[in-house]
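*Asks:* I have a structure I would like to understand better, so I am pasting it below and will then ask my questions one at a time.
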Amino acid sequence: MNECILVGQPNAGKTLFALRFVEFLGMRSLDVTFMASDGMLSCKHYKVDQAIRELSGLERHKTRELQTIALQVPVGKSIRSMKLIDSCGLSEGIHPEAVIRKAMAQTLSVMRYAKVILHMIDVTLYVKRKQLADIDQQIAQYGQLKGGYAILANKMDLPNAKEGLNFLADSFPARPIIPVSALQKKGLKEVKALVSRYL
Numbered sequence: 030m031n032e033c034i035l036v037g038q039p040n041a042g043k044t045l046f047a048l049r050f051v052e053f054l055g056m057r058s059l060d061v062t063f064m065a066s067d068g069m070l071s072c073k074h075y076k077v078d079q080a081i082r083e084l085s086g087l088e089r090h091k092t093r094e095l096q097t098i099a100l101q102v103p104v105g106k107s108i109r110s111m112k113l114i115d116s117c118g119l120s121e122g123i124h125p126e127a128v129i130r131k132a133m134a135q136t137l138s139v140m141r142y143a144k145v146i147l148h149m150i151d152v153t154l155y156v157k158r159k160q161l162a163d164i165d166q167q168i169a170q171y172g173q174l175k176g177g178y179a180i181l182a183n184k185m186d187l188p189n190a191k192e193g194l195n196f197l198a199d200s201f202p203a204r205p206i207i208p209v210s211a212l213q214k215k216g217l218k219e220v221k222a223l224v225s226r227y228l
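Per this note's numbering, the sequence shown starts with residue 30, numbered consecutively.
Okay, structure coming up:
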């Protein structure tokens, strides 16, 4: 089954976006498979609104293991299967918590074989800061080696987000950038169109 992974820094909005995407595809409930850093698998059934409450939040590194959702995506007149993988946020340097370090290593491992990499960036980070974070630069450099790669410029609902988006467009002129708002459910149609090309 084709795999699509959401990657990016902590608190970029990956989990909320993943759940909004599930909702956009018409699903009211979902099964999430959790893979701990030791390879142990567990599965839990959620209603979408329950998953949003329990799995997404403002705390840093809320996602501490890979969270996989099996999806059926309409592509033309057919239905294609894919796995959407939500990952631990990648940060610079060596994280003090072993569980986070292992989760980051898991994320990097899955990036190698994922068919599609969706690189979530919080545009508000780049409203005042006019230098790319090393981690975003490294993800983008790796992503361009793969066919299925796009930057999702998240939090476009916030003030001055356009300024951050313009900075990303100038910084990554050759890479596809899709403006999104996980909170306001914007950009989902465009992301589906991109993902569908690789299924």
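Glycine included, C-beta positions come from ideal geometry on N, C-alpha and C.
Determine contact between the segment 93 to 101 and the segment 47 to 58, defined as no fewer than three beta-carbon pairs at a distance below 8 Å.
*Replies:* The answer is yes - the segment 47 to 58 touches the segment 93 to 101, with three or more Cβ pairs under 8 Å.
*Asks:* Could you compute how far the alpha carbon of Ile206 sits from the alpha carbon of Val152?
*Replies:* One C-alpha to the other measures close to 11 Å.
*Asks:* Measure from the alpha carbon of Val145 to the alpha carbon of each residue in Ala203, Leu113, Leu217, Ser58, then state which is nearest.
*Replies:* Cα-wise, what sits closest to Val145 is Leu113.
*Asks:* Keeping to the same chain, check which residues put their C-beta closer than 8 Å to that of Leu70; ignore five residues upstream and five downstream.
*Replies:* Only Thr62, Phe63, Met64 meet the Cβ criterion.
*Asks:* Alpha carbon to alpha carbon, what distance is there between Ala179 and Gly68?
*Replies:* Near 28 Å, if we compare the C-alpha coordinates of Ala179 and Gly68.
*Asks:* Based on DSSP bridge pairs, tell me the residues matched to Leu95.
*Replies:* According to DSSP, Leu95 bridges with Met64.
*Asks:* Going along the chain, which residues of its own chain have a beta-carbon closer than 8 Å to the beta-carbon of Leu45, five neighbours each way excluded?
*Replies:* Taken in chain order, the residues that qualify are Ile81, Ser85, Ala211, Leu212.
*Asks:* Kindly indicate which residue of Ala190, Val139, Leu147, Ser120 has the alpha-carbon position closest to the one of Leu154.
*Replies:* That would be Ala190, whose Cα lies nearest to the Cα of Leu154.
*Asks:* Taking the Cβ atom as the reference point for each residue, do Ser200 and Gln135 lie within a distance shorter than 8 Å?
*Replies:* No, they are not a contact pair.
*Asks:* Between which two residues does the alpha helix (DSSP H) holding Ala169 run?
*Replies:* Counting along the chain, the alpha helix (DSSP H) containing Ala169 begins and ends at 163 to 172.
*Asks:* Could you work out which residue in Lys184, Arg158, Asn31 is closest to Leu217 when comparing CA atoms only?
*Replies:* Closest option to Leu217, Cα to Cα, is Lys184.
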